[in-house]
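Input: a single structure, listed below in structure tokens.
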Amino acid sequence: MLGLPFADLLARAHAKHRAHHDANAVQISTLLSIKTGGCPEDCAYCPQAARYSTGVKAEKLMSLDAVLDKARAAKAAGATRFCMGAAWRSPKDKDVAKVAELVNAVRVVGLETCATVGMLSAPQAQRLGAAGLDYYNQNLDTAPEYYGQIIHTRDFQDRLDTLEHVREAGMKTCCGGIVGMGETREQRAGLLQTLANLPEHPQSVPINRLVQVEGTPLAGTALLDPFEFVRTIAVARILMPASMVRLSAGRAEMSDELQALCFFAGANSIFYGEKLLTTGNPDVAHDQALFARLGIEPMQVELESRTVHADIAAGAAA
Ligand code: SAM
Ligand code: DTB
Ligand code: SF4
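Residues 363 to 680, numbered by the working numbering, are exactly what the sequence shown covers, in order.
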């Protein structure tokens with residue numbers, strides 16, 4: 363399907379998009395790196411892996427107050443979801459307890475919550491679910507056939523296990539991958555097929571275009587044809603029609619025209635705010651202008667009501 367004539371592929375994807383979504387509404391998430399760098403894993407794309415010299419300074423877990431300041435600013439800027447990322451392979455139980463506190467507090471600000479803190483055991487997933495975490499992000503990153511070229515410190519199956527624990531804990535999954543890492547078209551198809559064949563479609567599917575960071579093994583990879591990126595979005599939309607497809611990392615290096623094609627092909631979510639985790643993202647003013655030029659409205663999101671522990675709620679409201 364990835365190889366269909368471009369117009370045919372986009373027509374099919376756009377029809378699916380319209381059948382399932384408001385084609386002029388885009389959901390807005392803001393990312394925050396709550397624990398940066400020093401990661402023991404070897405993901406070949408990642409500036410936060412301790413073993414590569416990328417200039418990213420390792421930092422400790424952010425305080426509750428500092429995270430709340432960022433969450434309130436994200437809400438004021440129009441985000442509806444706040445995604446917290448930590449450069450861990452798998453968090454310790456005491457780390458999960460701290461993340462649970464952050465989740466709880468961010469919910470009180472009135473934002474949907476998402477976290478991506480590495481592999482989770484079943485009890486850890488339950489703990490985060492109980493704290494009110496709406497989404498957990500665990501990407502497959504690439505096709506099973508290409509995975510061994512990119513990551514050696516975490517198995518593909520480990521990712522599937524974490525996703526299962528997340529689903530069992532009643533949370534929504536955010537799961538996608540990265541393209542532009544030197545994979546073939548067939549391997550991009552393999553990633554999309556694997557995502558679509560998960561026990562349920564991830565509610566949120568981030569499609570990242572590799573952000574090449576000096577010092578990582580993938581710096582200098584041949585750039586992916588931009589139309590191939592649009593095709594990837596289109597096939598994600600066709601295979602997972604009801605999911606939110608996020609035009610994720612890599613927007614800072616994309617033209618407005620390329621982003622517009624991605625929205626037409628079925629992308630209906632973005633990361634908003636000047637920073638992703640450690641790398642840049644378009645300015646808020648630029649994104650607002652782009653939305654206005656395309657007639658796109660930020661998507662309104664209803665928060666699910668879940669229990670929020672009173673002690674943390676009081677702290678967050680202060
Ligand atoms: N450490 C946790 C993990 O890997 O599960 C969570 C944070 S990790 C940075 C989250 C995701 O960011 C990765 O799975 C990958 O898809 C994406 N990512 C990291 N570096 C990237 C880059 N240079 N370009 C595009 N996506 C990237
Ligand atoms: C996702 O799929 N992409 C985001 C989020 N989930 C956590 C991360 C992108 C990171 C880009 C590189 C960086 O800023 O460090
Ligand atoms: Fe660590 Fe996640 Fe980066 Fe891999 S992607 S090196 S696990 S922070």
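For each residue, glycine too, the CB sits at the ideal point set by N, CA and C.
What you are looking at is a predicted structure, and each value in this text was computed from that prediction instead of being measured.
Quick one, which of the options has its alpha-carbon nearest residue i's?
i      : options                           : result
Val607 : Pro367, Glu666 and Gly539         : Gly539
Ala459 : Ala435, Leu430, Ser452 and Arg489 : Arg489
Ser610 : Pro603, Leu585 and Gly642         : Gly642
Leu502 : Leu423, Ala487, Glu526 and Glu590 : Glu526
Gln410 : Asp645, Gly577, Asp455 and Glu530 : Gly577
Cys476 : Lys419, Lys637 and Val528         : Val528
Hey, residue i and residue j are a contact pair by Cβ (cut 8 Å); roughly how many whole angstroms apart?
i      : j      : result
Ser617 : Ser391 : Not really, about 22 Å apart at Cβ, beyond 8 Å.
Gly447 : Ser395 : 5 Å
Asn570 : Gly612 : 6 Å
Gln500 : Thr515 : About 15 Å separates the two Cβ atoms, so there is no contact after all.
Val388 : Pro660 : 7 Å
Phe589 : Leu393 : Phe589 to Leu393, Cβ: 27 Å. No contact.
Lys545 : Thr504 : Reading off the sequence shown, one finds Glu at residue 545, where the question assumed Lys. Between Thr504 and Glu545 the Cβ distance is about 6 Å, and since that is below 8 Å, they are a contact.
Gly635 : Ala493 : About 23 Å; that fails the 8 Å criterion.
Ordered along the chain, which non-local residues of its own chain (more than five positions away) have a Cβ less than 7 Å from that of residue i?
i      : result
Arg599 : Ala375, Lys378, His379, Val607, Ala627 and Gly628
His671 : Unreliable positioning characterises His671 in this predicted model, as indicated by a pLDDT of 39, which lies under 50. The coordinate reading is nonetheless provided below. Closer than 7 Å at the Cβ level, and outside the excluded window around His671, lie Asn466.
Ala433 : Phe444, Val468, Val471 and Leu473
Ala680 : With a pLDDT of 36 at Ala680, under the threshold of 50, the predicted position of this residue should be treated as unreliable, and no value is reported.
With a Cβ-Cβ cutoff of 8 Å, do residue i and residue j count as a contact?
i      : j      : result
Cys401 : Ala449 : yes
Gly532 : Gly480 : no
Glu421 : Thr398 : yes
Leu575 : Cys537 : The identity of residue 575 in the sequence shown is Val, whereas the question assumes Leu. No, the pair does not count as a contact, with Cβ atoms beyond the cut-off.
Leu364 : Arg550 : yes
Ala558 : Leu601 : yes
Out of curiosity, what's the CA-to-CA distance linking residue i and residue j?
i      : j      : result
Asp649 : Ile658 : 10 Å
Pro485 : Asp404 : 26 Å
Leu495 : Ala369 : 39 Å
His383 : Arg413 : 42 Å
Tyr497 : Thr535 : 5 Å
Thr524 : Thr556 : 15 Å
Leu665 : Tyr508 : 37 Å
Ala678 : Leu639 : With a pLDDT of 38 at Ala678, under the threshold of 50, the predicted position of this residue should be treated as unreliable, though the coordinate-derived value follows. Their Cα atoms are separated by approximately 23 Å.
Pro564 : Asp520 : 17 Å
Asp457 : Val429 : 15 Å
Leu554 : Leu560 : 10 Å
Leu464 : Pro367 : 47 Å
Ala614 : Ile512 : 23 Å
Ala381 : Gly417 : 45 Å
Leu522 : Arg451 : 15 Å
Leu426 : Glu548 : 44 Å
Lys419 : Lys637 : 15 Å
Val646 : Asp431 : 17 Å
Asp455 : Glu530 : 18 Å
Suppose the cutoff is 8 Å on Cβ atoms and the five residues either side in sequence are ignored; what does the same chain contact list for residue i look like?
i      : result
Leu372 : Val592, Ala596, Leu623, Phe626 and Ala627
Leu572 : Tyr407, Ile540, Val541, Gly542, Met543, Leu580, Thr583, Leu586, Ala611 and Gly612
Pro453 : Val461, Val479, Gly480, Leu482 and Gln486
Ile674 : Model confidence at Ile674 stands at a pLDDT of 37, short of 50, so the residue's coordinates are unreliable; what they give is reported in the following sentence. So the list reads Glu463, Asn466, Ala467 and Val470, once near-sequence residues are dropped.
Arg655 : Asp618
Phe518 : Leu502, Pro506 and Tyr509
Which same chain residues, not among the five before or five after residue i, have their C-beta less than 6 Å away from its C-beta?
i      : result
Glu562 : none
Gln662 : none
Leu652 : Asp618
Ala385 : His379
Leu552 : Residue identity differs from the one stated: residue 552 is Gly in this sequence, not Leu. So the list reads Ala505 and Glu507, once near-sequence residues are dropped.
Ala604 : His382
Pro644 : Arg613 and Ala614
CB of residue i to nearest heavy atom of the ligand ATP: below 7 Å?
i      : result
Val573 : For the ligand ATP, the structure offers nothing, since it holds only the ligand SAM, the ligand DTB and the ligand SF4.
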